[in-house]
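Residue numbers (my numbering): 0 to 369.
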């Protein structure tokens with residue numbers, strides 16, 4: 000077998016890219032550059048993956064789907080959780096591998112998208128690895144292939160996995176081609192970080208160029224509820240939201256942050272440190288939750304800017320927030336059908352109706368975002 004060394008050049012020669020893509024679609028195995036070093040890539044079919052495994056020389060090959068654009072993640076994961084999408088926005092393209100544990104329902108959905116032989120390559124062990132590398136050349140190749148493109152890492156202890164000539168010398172006669180680019184960025188090699196999302200939430204498997212702290216920060220999706228005094232409506236919305244979310248995710252309320260969600264509340268005219276109203280706490284206890292530890296907080300610009308999704312109770316709250324929210328920051332009415340009136344000073348039945356309206360609106364919103 001002749002191993003070809005293909006140079007894409009500083010300006011990313013489109014014809015050279017097409018040549019690589021044609022070879023891959025015909026079953027070639029290629030060494031492609033990424034910011035963490037070279038990897039071996041092939042189409043997601045059993046025959047070519049068997050070649051990849053053989054080239055790993057006895058070590059288990061982790062097959063990772065290469066994405067040309069971060070948005071392509073939705074091709075392989077039916078509904079990407081909001082915390083993971085936040086992580087994708089912040090860290091891709093980059094040295095981050097995402098592992099998704101797929102339940103049977105989602106695996107079945109993907110079998111209606113891909114033929115069985117491709118599905119078995121992508122989700123063979125019930126999970127899928129996805130990566131969108133910094134290297135423009137490799138992203139361009141990945142975006143141009145019809146079949147999904149899978150990559151596995153090399154054995155860097157045997158040769159310099161960052162130097163195309165070293166890769167060529169080691170794999171000459173064993174693989175079909177090696178992509179060489181002066182602009183591949185391996186000169187400033189980065190370490191791959193690995194994050195898993197599954198039934199136990201978000202877990203950092205390997206620290207790399209992204210630290211655990213950075214990964215956790217960039218995947219924490221913050222939802223904020225805002226009313227006037229932060230003693231009635233927004234605390235109830237916060238508590239009921241936590242309850243609905245934890246039930247949907249199959250976790251405890253205390254575990255929500257492990258799944259990447261942080262739920263809070265504040266008031267546009269709140270005094271700091273007040274307890275939730277007695278009636279709000281009574282109603283929440285009827286939902287199986289408690290406001291016992293709640294302390295009111297005044298809404299700040301910083302908290303707004305740090306939130307990913309903000310809901311208010313009335314149109315007047317939208318107007319009140321104009322003075323502190325950034326010009327391009329979106330805030331939404333919690334109930335799309337009607338304002339949620341303030342129950343303060345009224346009897347328990349009014350609070351129950353308020354909580355019922357909040358619950359209905361939350362279930363609609365959560366169904367949209369989850």
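Beta carbons: idealized from backbone N, C-alpha and C, even for Gly.
Keep in mind that this is a model prediction, so the values were computed, not measured.
(request) Could you check if residue 172 is buried or exposed, using at least 16 other CB atoms within 10 Å of its CB as the buried criterion? (result) That one is exposed.
(request) Report the partner residues of residue 209 according to the DSSP bridge assignment. (result) Bridge partners of residue 209: none, in fact.
(message) Using a Cβ-Cβ cutoff of less than 6 Å, which residues in the same chain neighbour residue 202 once the five nearest sequence positions on both sides are dropped?
(response) For residue 202, where only same-chain residues beyond five positions count, the Cβ hits under 6 Å are 195.
(message) Do residue 229 and residue 300 have their beta-carbon atoms positioned less than 8 Å apart in this structure?
(response) It is not a contact, given that the beta carbons lie outside the stated cut-off.
(message) Buried or exposed for residue 0, going by 16 or more other Cβ atoms inside 10 Å?
(response) The residue in question, residue 0, is exposed, as its Cβ has fewer than 16 Cβ neighbours within 10 Å.
(request) Assign residue 319 to one of three DSSP states: helix, strand, or coil. (result) The answer is helix: DSSP assigns residue 319 an H, G or I state.
(request) Can you give me the start and stop residues for the alpha helix (DSSP H) that residue 50 sits inside? (result) Start and end: 45 to 54.
(message) Using the Cβ count rule (16 or more neighbours within 10 Å means buried), how would you classify residue 367?
(response) Of the residues assessed, residue 367 falls on the exposed side of the cut-off, its CB having fewer than 16 other CB atoms within 10 angstroms.
(request) Flag this pair as touching only if the stretch 12 to 25 and the stretch 38 to 54 have three or more C-beta atom pairs under 8 Å; answer yes or no. (result) When Cβ pairs closer than 8 Å are counted between the two stretches, the stretch 12 to 25 is seen to touch the stretch 38 to 54, the count reaching three or more.
(request) Could you check the C-alpha separation between residue 106 and residue 83 for me, to the nearest Å? (result) If I take the Cα positions, the gap works out to 18 Å.
(message) If the criterion is Cβ atoms closer than 8 Å, does the pair residue 371 and residue 197 meet it?
(response) A question about residue 371 goes unanswered here, because the residues of the chain that appear run from 0 up to 369.
(request) Give the DSSP-derived three-state secondary structure of residue 350 in the structure shown. (result) Residue 350: helix per DSSP, three-state reduction.
(request) Could you check if residue 19 is buried or exposed, using at least 16 other CB atoms within 10 Å of its CB as the buried criterion? (result) Per the 10 Å Cβ criterion, buried.
(request) Mind the definition here: the stretch 272 to 290 touches the stretch 209 to 221 only if three or more C-beta pairs lie below 8 Å; say whether that holds. (result) In short, these stretches do not touch, since the Cβ pair count stays below three.
(message) What residue range does the beta strand (DSSP E) around residue 179 cover?
(response) 176 to 179 is the extent of the beta strand (DSSP E) around residue 179.
(request) Return helix, strand or coil for residue 340, following the three-state DSSP convention. (result) Reduced to three states, the DSSP call for residue 340 is coil.
(message) For the ligand FAD, is there any heavy atom lying closer than 7 Å to the beta carbon of residue 149?
(response) Questions concerning the ligand FAD fall outside what the structure shown contains, since it holds no ligand whatsoever.
(message) What does the Cβ neighbour count give for residue 331, buried or exposed, with the cut at 16 atoms within 10 Å?
(response) Around the C-beta of residue 331, fewer than 16 other C-beta atoms lie within 10 Å, and the residue is accordingly described as exposed.
(request) State buried or exposed for residue 347, treating a residue as buried only when at least 16 other CB atoms are found within 10 Å of its CB. (result) Residue burial is scored here from C-beta neighbours: residue 347 has fewer than 16 other C-beta atoms within 10 angstroms and is therefore classed as exposed.
(message) Given a cut-off of 8 Å on the beta-carbon distance, is the pair residue 309 and residue 223 in contact?
(response) It is a contact, given that the beta carbons lie within the stated cut-off.
(message) So for residue 100, helix, strand or coil by DSSP?
(response) Annotated three-state conformation of residue 100 is strand, per DSSP.
(message) According to DSSP, is residue 42 part of a helix, a strand, or is it coil?
(response) Reduced to three states, the DSSP call for residue 42 is strand.
(request) Determine, using beta carbons only, whether residue 360 and residue 327 come nearer to each other than 8 Å. (result) Not closer than 8 Å, so no.
(request) Just grab the DSSP bridge partners of residue 28 for me. (result) Beta-bridge partners assigned by DSSP to residue 28: none are found.
(request) May I ask you to report which of helix, strand or coil DSSP gives residue 273? (result) Here residue 273 carries a coil assignment [DSSP, helix/strand/coil].
(message) Would residue 63 and residue 96 be called neighbours here (beta carbons separated by less than 8 Å)?
(response) Yes, the Cβ-Cβ distance between residue 63 and residue 96 is below 8 Å.
(message) Using 8 Å as the threshold, is the C-beta distance between residue 100 and residue 125 below it?
(response) Residue 125 is positioned such that its CB atom lies closer than 8 Å to that of residue 100.
(request) With residue 85 as the anchor, note down where its alpha helix (DSSP H) starts and where it stops. (result) For residue 85, the enclosing alpha helix (DSSP H) begins and ends at 81 to 90.
(message) For residue 379, count the other beta carbons within 10 Å of its own beta carbon; 16 or more makes it buried, fewer makes it exposed. Which is it?
(response) This structure gives no information on residue 379, because the portion of the chain shown stretches from 0 to 369.
(message) Can you give me the C-alpha to C-alpha distance between residue 133 and residue 191, rounded to a whole angstrom?
(response) In a straight line, the C-alpha of residue 133 is about 11 Å away from that of residue 191.
(request) May I have the straight-line CA-CA distance separating residue 238 from residue 321, to the nearest angstrom? (result) The straight-line gap from Cα to Cα measures roughly 26 Å.
(request) Note down, in chain order, each residue of its chain lying with its Cβ closer than 8 Å to the Cβ of residue 233, except the 5 sequence neighbours on either side. (result) Counting only Cβ-Cβ distances below 8 Å, and skipping sequence neighbours, we find 224, 225, 226, 264, 265, 266, 312.
(message) Does residue 184 pass the burial test, meaning 16 or more other C-beta atoms within 10 Å, or should it be called exposed?
(response) Low per-residue confidence applies at residue 184: pLDDT is 47, beneath 50, and the placement is therefore not dependable enough to give any value.
(request) Keeping to the same chain, check which residues put their C-beta closer than 7 Å to that of residue 16; ignore five residues upstream and five downstream. (result) By the criterion of a C-beta distance shorter than 7 Å, residue 16 is surrounded in its chain by 7, 139, 140, 143, once the five residues flanking it on both sides are discounted.
(request) Less than 8 Å between the CB atoms is what I'm expecting for residue 427 and residue 317, so what's the real figure, rounded? (result) In this structure the chain extends from 0 to 369, so residue 427 is not present and cannot be described.
(message) Counting C-beta neighbours from all protein chains within 10 Å, is the total for residue 53 16 or more, i.e. buried, or is it exposed?
(response) With fewer than 16 other Cβ atoms within 10 Å, it is exposed.
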